[in-house]
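K.L.:
Numbering (full-length UniProt numbering), first residue to last: 1 to 414.
C-beta atoms are modelled at their ideal positions from N, C-alpha and C, and glycine is treated no differently.
None of the values given here were measured: they were computed from a predicted structure.
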Amino acid sequence: MLLAVLFVLVPVVRFAMQQKHAVSGGQFHRDSANLMIFEERLAELDAEREGGALDDEQYQALKAELQRTLLADIKPETAEKESAPARAQTPGFSALLAPSRLLPVLTIVLMLPLAFYLYGVWGFERDLEIADVFERSRDNQGDPEELRDLIFELGAIIEEDARNGWAWYYLARHLVSLGQINEAAQAFERAAANIENEQDRAIVLGQYAQAAYISSGQQITQEVQAIIDQAQRLNPAEQSVLQLLGADAFVNENYQGAITYWQQLLGMSRNQDDRQFLQQMMAEAQQRMAAAGETIDSLQGPRVEISLSLQPELEFAPDTRVFVSARNVEMTGPPLAAQVLTVADLPAVVSLSDANAVGPFNLSSAEEVTIVATVSLSGSADVQSGDFQVRSPTLQLSDDEPVRLQMQIADALP
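Right, here's the structure in full:
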């Protein structure tokens, strides 16, 4: 029994510390960097076709081979198996972007949180079957025949229970490994529709956005943006979404935007390798801005500093999530800036600036905002009855001095 408890608790603790990267440092490094190189290589193919070096048939064949080869190489457990000396070395920027490391952003794998939810319900036969698939998936990442067998097994489970979100999720992951991105996107969509836990659904939506992004030719279409909006409505700081947005900004030469997203990720990451990687990427973006004569303004713009506390009579579990966001008074939609804390962090001074942007707009895009702080009992940023919340009056923003205010969360929402 103790062994079973430890088996569940270890991945839970690791997931709480590293929600974004359920794989460790090395895999994280491959995620953002390789998406950018994947897109840059695709851009080269586009240029060659436009220049007449490739006809349409050659272009489509090379593009398909690029995706198929890269996706077939996905090995989510590689980082876990590296030797200690290898993990101690931090690859340089050029090494991170080497063609041999070319992988799409879909290599983000969240096996550990899934292990918790799958192994936490041993009393159900269907979950036992999926738990077995989980074990075999982890142990046979490089075996295409085994992956195909697992897909057939998952298909049988889904045929009997089409509302099993975890079966859809694993099916999506295996389809990604086989390079079937369009089909994977459809499976991610079904997974998100059938997973009830909102924190998990936000994570799955993030991966769904990544699959849809690849399927759309590495473009944030209206469909992709709608998926991103769904994920950020549940968690405005969903890390796989921020990673995708940062990479997309970088390859589209919006280096200031990329820096903003990476600053967000840097503030959430506790892993030293991940932090060093993000700092390398930010430095590269800054160098490109300087070469283009652009000014780095990440430290400029309005700032709001909130002294946030809980009413003393309120009691919550220490890990209960607290969402703090700034919203444009004149517009609906995602917040302009957001931070995610826990009850254990309070009281705290929460700073919101352009560096905390979670979407296409930031604090500098608004003249007036309102600050909303919510204790979410479900763990989701999608506010529900019974959550505790406080709202500020309308605040006039200024580039000259931070706007400072005190807020105390005291009232439950009806």
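Terminal residues of the continuous beta strand (DSSP E) containing Leu-175?
P.N.:
No beta strand (DSSP E) holds Leu-175; the alpha helix (DSSP H) holding it covers 165–177.
K.L.:
Taking the beta strand (DSSP E) that Glu-305 falls in, what are its first and last residues?
P.N.:
Here the beta strand (DSSP E) through Glu-305 covers 303–310.
K.L.:
Put Val-204 into one of helix, strand or coil per three-state DSSP.
P.N.:
Three-state DSSP puts Val-204 in a helix.
K.L.:
Please check if any C-beta of chain C sits within less than 8 angstroms of the C-beta of Glu-313.
P.N.:
Going by chain labels, chain C is absent from the structure shown, which holds only one protein chain.
K.L.:
Should Gln-239 and Leu-265 be called a contact, given that it needs their Cβ atoms to be closer than 8 angstroms?
P.N.:
Their beta carbons are under 8 angstroms apart, which means Gln-239 touches Leu-265 by this criterion.
K.L.:
Which of the three DSSP states, helix, strand or coil, is assigned to Arg-391?
P.N.:
The answer is strand: DSSP assigns Arg-391 an E or B state.
K.L.:
With the cut-off set at 8 angstroms, would you say Arg-327 and Thr-370 are in Cβ contact?
P.N.:
It is a contact, given that the beta carbons lie within the stated cut-off.
K.L.:
Do the CB positions of Ile-227 and Tyr-208 come within less than 8 angstroms of each other?
P.N.:
Yes, they are a contact pair.
K.L.:
Using the three-state DSSP reduction, which class does Ala-357 fall into: helix, strand or coil?
P.N.:
Here Ala-357 sits in coil by DSSP.
K.L.:
What three-state label does DSSP hand Val-375 in the structure shown?
P.N.:
Three-state result, Val-375: strand.
K.L.:
Tell whether a beta-carbon distance below 8 angstroms holds between Asn-197 and Asn-164.
P.N.:
Contact flag unset, no.
K.L.:
How close, in whole Å, do the beta carbons of Leu-397 and Leu-363 come, if the pair is a contact with beta carbons under 8 angstroms?
P.N.:
That belief holds up - the Cβ atoms of Leu-397 and Leu-363 are roughly 6 angstroms apart, short of 8 angstroms.
K.L.:
Tell me, which residues are paired with Val-224 by DSSP?
P.N.:
Answer is none; Val-224 lacks a bridge partner.
K.L.:
Among Asp-354, Leu-244, Gly-155, Val-324, which one has its Cα closest to the Cα of Ile-130?
P.N.:
For the residues Asp-354, Leu-244, Gly-155, Val-324, the minimum Cα distance to Ile-130 belongs to Gly-155.
K.L.:
Using the Cα positions of Val-343 and Gln-225, report the straight-line distance between them to the nearest angstrom.
P.N.:
So the alpha carbons of these two residues sit roughly 31 angstroms apart.
K.L.:
Measuring alpha carbon to alpha carbon, tell me which residue in Ser-380, Ser-325, Gln-311 is nearest Leu-346.
P.N.:
Selected option, being the one with the closest Cα: Gln-311.
K.L.:
Assuming Ala-191 and Ala-162 make a contact with CB atoms under 8 angstroms, what is their CB distance in whole Å?
P.N.:
Not confirmed; about 12 angstroms, so no contact.
K.L.:
Please determine, among Leu-178, Thr-260, Gly-217, the residue with the shortest C-alpha to C-alpha distance to Asp-46.
P.N.:
The residue with the shortest Cα to Cα distance from Asp-46 is Gly-217.
K.L.:
Just mark Ala-43 as buried or exposed, buried being the case when its beta carbon has 16 or more other beta carbons within 10 Å.
P.N.:
The residue in question, Ala-43, is exposed, as its Cβ has fewer than 16 Cβ neighbours within 10 Å.
K.L.:
Applying the 10 Å Cβ sphere with the 16-neighbour rule, what's the burial state of Val-176?
P.N.:
Under this definition Val-176 is a buried residue.
K.L.:
Do Val-383 and Ile-409 have their C-beta atoms closer together than 8 angstroms?
P.N.:
No, the Cβ-Cβ distance between Val-383 and Ile-409 is not below 8 angstroms.
K.L.:
Does DSSP put Met-331 in a helix, a strand or coil?
P.N.:
Coil at Met-331, not helix or strand.
K.L.:
Quick one: what's got a C-beta closer than 6 angstroms to Gly-359's C-beta in the same chain, skipping five residues either side?
P.N.:
Counting only Cβ-Cβ distances below 6 angstroms, and skipping sequence neighbours, we find Pro-334.
K.L.:
Here's a check: name, in chain order, each residue in its chain whose Cβ is nearer than 6 angstroms to the Cβ of Arg-404, leaving out the five neighbours to either side.
P.N.:
Contacts found: Glu-305.
K.L.:
Of the residues Ala-212, Asp-273, Ser-269, Arg-275, which one's Cα is nearest the Cα of Leu-244?
P.N.:
Ranking Ala-212, Asp-273, Ser-269, Arg-275 by Cα distance to Leu-244 puts Ala-212 first.
K.L.:
Starting from the C-beta of residue 415, find all residues in its chain whose C-beta is less than 7 angstroms away, skip the five residues before and the five after it, and write them out in chain order.
P.N.:
This structure does not reach residue 415, given that the chain is present from 1 up to 414, and the question cannot be answered.
K.L.:
Using CA coordinates, which residue listed in Ala-247, Leu-314, Thr-295, Ala-290 is at the minimum distance from Met-281?
P.N.:
Met-281 has its Cα closest to that of Ala-247, out of Ala-247, Leu-314, Thr-295, Ala-290.
K.L.:
DSSP state of Thr-411, grouped into three classes?
P.N.:
According to the sequence as given, residue 411 is Asp; it is not Thr. If DSSP states are grouped into helix, strand and coil, Asp-411 belongs with the strands.
K.L.:
In three-state terms, what does DSSP make of Pro-342?
P.N.:
The amino acid occupying residue 342 in the given sequence is Thr; Pro does not appear at that position. Strand at Thr-342.
K.L.:
Can you have a look at Ser-385 and say buried or exposed, based on whether 16 or more other CB atoms are within 10 angstroms of its CB?
P.N.:
Ser-385 comes out exposed.
K.L.:
Between Leu-341, Ala-337, Leu-336, which lies nearest to Ala-317 when the distance is taken from Cα to Cα?
P.N.:
Among Leu-341, Ala-337, Leu-336, the Cα nearest to that of Ala-317 is on Leu-341.
K.L.:
For a test of the three-state rule: what should DSSP assign to Glu-368, helix, strand or coil?
P.N.:
In the structure shown, Glu-368 sits in a strand (DSSP, three-state: E or B).
K.L.:
Just to confirm my understanding: we take Thr-221, look at its own chain, exclude 5 residues before and 5 after, and list those with CB closer than 6 angstroms. What are they?
P.N.:
Result list for Thr-221: empty, nothing under 6 angstroms.
K.L.:
State the beta-bridge partners of Leu-405 as determined by DSSP.
P.N.:
DSSP lists Ile-306 as partners of Leu-405.
K.L.:
Going by other Cβ atoms of all chains shown within 10 Å of its Cβ, with 16 needed for buried, is Val-349 buried or exposed?
P.N.:
Exposed is the call here.
K.L.:
Taking the alpha helix (DSSP H) that Gln-263 belongs to, which residues open and close that run?
P.N.:
Gln-263 -> alpha helix (DSSP H) spans 255–268.
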